[in-house]
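What follows is a single structure, written as structure tokens, with notes after it.
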Amino acid sequence: MQKLLTIGGAVGLIAGGVLLTAGLARVGERPAKLTWRDPEIKSALMTLGYKVYGNPKVESGRHYLSKLVFKNTGEHPVTDFSISYKIDDYISWTDPEEVHEIPAGFTLVRLYHPKLPASVTKLRNATNATFRIRVLWKEEGRPHEETFARDVVLRGINELVSSDLPDTEARDWFDKQNADAFTVCMVTPNDPVVTLYASEITRLAGGTVAGVKLGAKEAGRLCRIIYEYMQATELRYTGVKYTIETVDNVTTGVQTVRMPRDMIQNNEGLCIELSILWSSILEHLGLDSTMVFIPGHVFVIAYSEAQGIPFKDGLPIECTAITTRAVEDVLVGMKIRDHMTGAPVTFDEAVELASKKWEEVQQTGVFILVPVKSLQSAGYVAPEMPDVDMDKLTETLRKRLPHQLVQPELNLNPNPVALPAGFTTWQHPQGFVSVSFPADFVSQLRPGYSPGFVLLSAANPAIGVGCDVMHITGTQDPTQAVDMVAAAFGQMGGMLRVTSTSAPGTGGVVMFEGTTTWPNGSSRWICLGKPVPGGVVLVSAGANPMAWAAQNATIKAILTSVSFK
Amino acid sequence: MKPRLFILTIVLALVPSGPTARAQIPAKTADIIQEVNPDGSVNLTFQFAFDAQPWGVWKSQVGEDPARLRGMFRHQFAAYVIDDFKFEKDDLNRTAKMTIRSPAGPELGKDQRFQIPVEAWCRLINNTGRTWFFSGNNPFSGDQQTTVKIVVPANTIDASLVNAGTPDQALVYAVSEPAGKSRLFVWSGVIVMLLGAVLLAAGRLSKKGPAPSTAAAPPTG
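Protein sequences appear in the order of chains A and B.
Residue numbering for the first sequence follows our numbering, starting at 9 and increasing by one per position.
Residue numbering for the second sequence follows our numbering, starting at 7 and increasing by one per position.
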């Protein structure tokens, strides 16, 4: 018995020792083993959206360059895991992203959002770059390393891709347009070029409006001014530039889209470029916009949630209507015009055209909304852009729309000047002033409608030019007289803004420049004001902004003919 | 970047094609169950109930086309790993149920603790053992009434809600190491060794037992 117990005890000790050793040595368990799925690496990046790719917060991080899925299939932890990335010539090896321990059976996902340098915006054409990934880890204390390398296409700064969905997944137009949000990266309200362009427009609108509380009426007026400015400066719509390209397993439309600054300098644009320019200007002026993508086309809806103009009450604008040929057949087809006339498309027609399209697509459901501000908030922001020669650009813009008429030579001598051929002269009933204008001008005075202080209102509506004479009583101050006219127009639904006022000259004559906007149109004018016994006489000549440049000579001739007694 | 677990943001998938949406089709209610497994994988169940009109619109856009719905999920939540996608709908009750499995669920922190982000608008209602209940109105989906149930793994220890009510609100926990073969060997070895030691001691004790009686000694002469 004793022997049996001794032998049993010895066997137990040995067997226990073996088991303990096996346990401590983890015999029978699968060792740590790191495995991975095929790396998902995007075949192409749009350089115009380089800030989007670099921001992991945009749309839950879905704009990554690479996604790697690792799994520890062993029963022991994988240790000292680290991963780093490199894009040859653009990004050197990144600081390793480390995980001390990947537990047994655990899956680890690593996304890479590359912080590309701003220099990528200098790429004009698609350029190949080699993307590398380096992974280090330890299994049971033994170090391992794996590297991956793929070619990635960095697209040119003006190349806008409509989809990044693999061909196997794309089924219809919506799928082929799934990257439309990147369009917002081209909206550049703070670009100095856009700022300058907008300031030229606000000059027409009667001064700066950015940041000012706008009502629906004022917002509509502002859009009208933008549209008429574009027409007046002969901004042109050009046809579509669209190619289909395939990179790896993604076939997509690629459109060469210029930034607003390039459009402004070239004075022409595609529908998408015009929409982007509109969005940039509207945002600069404190309004919201949403681009509406429909098959083959884009237009804009202007609104302002912050200022009480919700999207549903927004103003749809057909941006391409600035070029009559681009839309006139559609205008006739939609019965907005009776027949083809070749006449410039008015702002009201452009709005009606876009409104009808908007109604139509809402019925079919085939459209994609790209709300600019909310997408900017989500991280779709514009790239950095190089400086441009602003002096040269200012000069270019000024040449397109002469802002300053040559100062009229005021005829303060009571003797009338020699009239241009075809002009007729009008005399103030009390002889305070005389003015001449083309004989084909017709009276615009409407008894019971025109204010009593308007003595003369003559115009040629066909060419959009006219002149007025007003006699304001109760003040001797021309500036106050103009303010009184502005107040009267305001009560009638118009809006008069003075953009510049000269110092009183000989005889107390003051020259004003400004704009007047009515629900059905706007005009730009120059006005001469002079105190007369019992009041102030105002003589103005002007044209709608679109006709301003063309009618410059007529306006100058009218103002030169003004003779104060 | 470590992808956050797509717990509640996925509710937005009801809005077709993300932020550049055609139209928002908010469900009336959403019930979400998130069951986390010990290996970090997660099973997600989303159940939505619609009013009559949105139900029709939603069905016409995606509800009749589960492949499109899955494609949209994969596109919108491309940062995540979605391995299985199942979809059921009940026209009678106007409900849709989606089940998803992802091998990579909670985020693993440097302290080796796991973290499940919870949207700030979700308030903790109750916690019973492994199950945590949250509720709130989703401001990104028309203030849709949403309930969330999170079930943490069985081997969870020290689960707690951190940064409650803030954008960093999260359920944080650690897990106890599962008993593997090696541990079994170690404990078996210890027990068998102890047993051996007892037997050996018993053997020794029996050897040192009382001396035999002289009366019983064999005669010498």
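We put the beta carbon where it would ideally sit given N, CA and C, even for glycine.
Remember, it's a predicted structure, so these values are computed and weren't measured experimentally.
### Query
At least one CB of chain A closer than 9 angstroms to the CB of B:I197: is that the case?
The residue you call residue 197 of chain B lines up with position 191 of the second sequence. At least one chain A Cβ lies under 9 angstroms of B:I197.
### Task
Have a look at the DSSP bridge pairing and note the partners of A:T176.
Locating residue 176 of chain A in the first sequence gives position 168, counting from the first residue. In the DSSP secondary-structure assignment, A:T176 is not bridged to any residue.
### Message
Tell me the rounded alpha-carbon separation between A:D296 and A:E313.
### Response
Here residue 296 of chain A refers to the residue found at position 288 of the first sequence. Here residue 313 of chain A refers to the residue found at position 305 of the first sequence. Cα to Cα, A:D296 sits roughly 7 angstroms from A:E313.
### Message
Distance check for A:Y61 and A:R211, CA to CA, integer angstroms please.
### Response
Start at 1 with the first residue of the first sequence, and residue 211 of chain A comes out as number 203. Start at 1 with the first residue of the first sequence, and residue 61 of chain A comes out as number 53. Just so you know, the alpha carbons of A:R211 and A:Y61 end up roughly 38 angstroms apart.
### Message
Under 8 angstroms, with one C-beta from each stretch per pair, do the region 166-174 of chain B and the region 57-67 of chain B reach the 3-pair mark?
### Response
No contact exists between the region 166-174 of chain B and the region 57-67 of chain B.
### Message
According to DSSP, is A:K364 part of a helix, a strand, or is it coil?
### Response
By 1-based counting over the first sequence, the position of residue 364 of chain A is 356. Here A:K364 carries a helix assignment [DSSP, helix/strand/coil].
### Query
Taking C-beta to C-beta, are A:G82 and A:E37 nearer than 9 angstroms?
Residue numbering aside, residue 82 of chain A sits at position 74 when the first sequence is read from its first letter. Residue numbering aside, residue 37 of chain A sits at position 29 when the first sequence is read from its first letter. Yes, the Cβ-Cβ distance between A:G82 and A:E37 is below 9 angstroms.
#### Entry: A:H175 vs A:T251 beta-carbon contact at 9 angstroms
Counting from one through the first sequence, the residue named residue 175 of chain A turns up at place 167. Counting from one through the first sequence, the residue named residue 251 of chain A turns up at place 243. Just to set this straight, residue 175 of chain A is Asp in the shown sequence, not His. Cβ atoms of A:D175 and A:T251: not closer than 9 angstroms.
### Query
If you draw a straight line from the C-alpha of B:E183 to the C-alpha of B:N161, how long is it?
Mapped onto the second sequence, residue 183 of chain B falls at position 177. Mapped onto the second sequence, residue 161 of chain B falls at position 155. Each residue's Cα considered, the two are about 8 angstroms apart.
### Task
Would you tell me roughly how many angstroms separate the C-alpha atoms of A:H84 and B:K116, rounded to the nearest one?
Here residue 84 of chain A corresponds to residue number 76 of the first sequence, with the count starting at 1. Here residue 116 of chain B corresponds to residue number 110 of the second sequence, with the count starting at 1. If you take the alpha carbons of A:H84 and B:K116, they lie about 18 angstroms apart.
### Query
If you draw a straight line from the alpha carbon of A:E357 to that of A:S530, how long is it in whole angstroms?
Taking the first residue of the first sequence as 1, we reach residue 357 of chain A at position 349. Taking the first residue of the first sequence as 1, we reach residue 530 of chain A at position 522. Between A:E357 and A:S530, the C-alpha separation is close to 15 angstroms.
### Query
Since B:V192 meets chain A, which of its residues come closer than 7 angstroms, beta carbon to beta carbon?
As a position in the second sequence, residue 192 of chain B is number 186, starting the count at 1. Residues of chain A with a Cβ closer than 7 angstroms to the Cβ of B:V192 are, in chain order, L28, G31 and L32.
#### Entry: Euclidean distance between Cα positions of A:Q263 and A:D183
Position 255 of the first sequence, counted from the first residue, corresponds to residue 263 of chain A. Position 175 of the first sequence, counted from the first residue, corresponds to residue 183 of chain A. Across the structure, A:Q263 and A:D183 are spaced so that their CA atoms are roughly 16 angstroms apart.
### Task
Name, please, each residue of chain B whose Cβ falls closer than 9 angstroms to the Cβ of A:E177.
Mapped onto the first sequence, residue 177 of chain A falls at position 169. Among the residues of chain B, those whose CB is under 9 angstroms from the CB of A:E177 are G77, R80 and H81, following chain order.
### Message
With DSSP as the reference, identify every bridge partner of B:K103, one or two as the case may be.
### Response
Your numbering for residue 103 of chain B matches position 97 in the second sequence. According to DSSP, B:K103 shares a beta bridge with B:Q53 and B:E94.
### Task
Tell me whether B:F128 sits in a helix, a strand or coil according to DSSP, three-state version.
As a working note, residue 128 of chain B is residue 122 in the second sequence. Per the sequence shown, the amino acid found at residue 128 of chain B is Cys instead of Phe. In the structure shown, B:C128 sits in coil (DSSP, three-state: anything other than H, G, I, E or B).
### Task
Using beta-carbon positions only, say whether B:A32 and B:G148 come within less than 9 angstroms of one another.
Locating residue 32 of chain B in the second sequence gives position 26, counting from the first residue. Locating residue 148 of chain B in the second sequence gives position 142, counting from the first residue. Note that residue 32 of chain B corresponds to Pro in the displayed sequence, not to Ala. Yes; because the gap between Cβ atoms is below 9 angstroms, this pair is in contact.
### Task
Please state whether DSSP places A:A227 in a helix, a strand or coil.
Translated into positions along the first sequence, residue 227 of chain A becomes position 219. Reduced to three states, the DSSP call for A:A227 is helix.
### Inter-residue Cα distance where the pair is A:E326 and A:E360
Looking up residue 326 of chain A in the first sequence gives position 318. Looking up residue 360 of chain A in the first sequence gives position 352. If I take the Cα positions, the gap works out to 8 angstroms.
### Task
In the DSSP assignment, find the unbroken alpha helix (DSSP H) run with A:H436 in it and report its ends.
Taking the first residue of the first sequence as 1, we reach residue 436 of chain A at position 428. Element bounds for A:H436: n/a, residue is neither H nor E.
### Task
For the region 96-119 of chain B, enumerate the residues whose C-beta is nearer than 8 angstroms to any C-beta of chain A, in chain order.
Going along the region 96-119 of chain B in chain order, one finds P109, A110, L114, K116 and Q118 with a Cβ nearer than 8 angstroms to chain A.
### Task
Verify the CB distance criterion: does B:L206 have a CB-CB separation below 9 angstroms to chain A?
Numbered from 1 along the second sequence, position 200 holds the residue referred to as residue 206 of chain B. So yes, B:L206 belongs to the interface.
### Query
How big is the Cα-Cα spacing for B:S47 and B:A102?
As a position in the second sequence, residue 47 of chain B is number 41, starting the count at 1. As a position in the second sequence, residue 102 of chain B is number 96, starting the count at 1. Approximately 23 angstroms between the Cα atoms of the pair.
### Message
In this structure, how does DSSP classify A:F461 when only helix, strand and coil are distinguished?
### Response
Sequence index remark: in the first sequence, residue 461 of chain A carries index 453 (1-based). Three-state DSSP puts A:F461 in coil, outside helix and strand.
### Query
Can you tell which of A:V545, A:P553, A:G502 and A:Y235 has its C-alpha closest to the C-alpha of A:K225?
Working through the first sequence from its first residue, we reach residue 225 of chain A at position 217. Here the closest residue by C-alpha is A:G502.
### Query
Residues in its own chain within less than 7 angstroms of A:A240 by CB, not counting five upstream and five downstream?
Residue numbering aside, residue 240 of chain A sits at position 232 when the first sequence is read from its first letter. L409, P553, M554, W556 and A557.
### Query
Is any beta-carbon of chain A found at less than 9 angstroms from that of B:A36?
Taking the first residue of the second sequence as 1, we reach residue 36 of chain B at position 30. Closer than 9 angstroms: no.
### Message
Alpha carbons only, please: which of A:E336, A:V195 and A:G304 is nearest the one belonging to A:V369?
### Response
Here residue 369 of chain A is taken as the residue at index 361 of the first sequence, counted from 1. Here the closest residue by C-alpha is A:G304.
#### Entry: Range covered by the beta strand (DSSP E) that runs through B:A180
Here the question's residue 180 of chain B lines up with position 174 in the second sequence. Judged by DSSP secondary structure, B:A180 falls within the beta strand (DSSP E) whose first and last residues are A176 to V181.
### Query
Going straight from the alpha carbon of A:E253 to that of A:K50, what length do you get?
As a first step, residue 253 of chain A must be located in the first sequence, where it is residue number 245. As a first step, residue 50 of chain A must be located in the first sequence, where it is residue number 42. Each residue's Cα considered, the two are about 15 angstroms apart.
### Query
Cα separation between B:I156 and B:G135?
Against the second sequence, residue 156 of chain B aligns to sequence position 150. Against the second sequence, residue 135 of chain B aligns to sequence position 129. When rounded, the distance between both Cα atoms is 11 angstroms.
### Query
Quick one: what does DSSP say A:M299 is sitting in, helix, strand or coil?
Here the question's residue 299 of chain A lines up with position 291 in the first sequence. A:M299: strand per DSSP, three-state reduction.
### Message
Taking 9 angstroms as the threshold (C-beta atoms), are B:V196 and B:P112 in contact?
### Response
As a working mapping, residue 112 of chain B is identified with position 106 in the second sequence. As a working mapping, residue 196 of chain B is identified with position 190 in the second sequence. Between B:P112 and B:V196, the C-beta spacing is not below 9 angstroms.
### Query
Which value, in whole angstroms, describes the spacing of the CA atoms of A:C535 and A:T568?
In the first sequence, counting from the first residue as 1, residue 535 of chain A sits at position 527. In the first sequence, counting from the first residue as 1, residue 568 of chain A sits at position 560. When rounded, the separation of the alpha-carbon atoms in A:C535 and A:T568 is 12 angstroms.
### Message
For B:K65, report the span of its alpha helix (DSSP H) as first-last.
### Response
Here residue 65 of chain B corresponds to residue number 59 of the second sequence, with the count starting at 1. Segment: none, B:K65 is in no alpha helix (DSSP H) and carries neither H nor E.
### Message
In whole angstroms, give me the CA-to-CA distance for B:L114 and A:P111.
### Response
Reading the second sequence from its first residue, position 108 is the one you call residue 114 of chain B. Reading the first sequence from its first residue, position 103 is the one you call residue 111 of chain A. Distance between the alpha carbons of B:L114 and A:P111: 10 angstroms.
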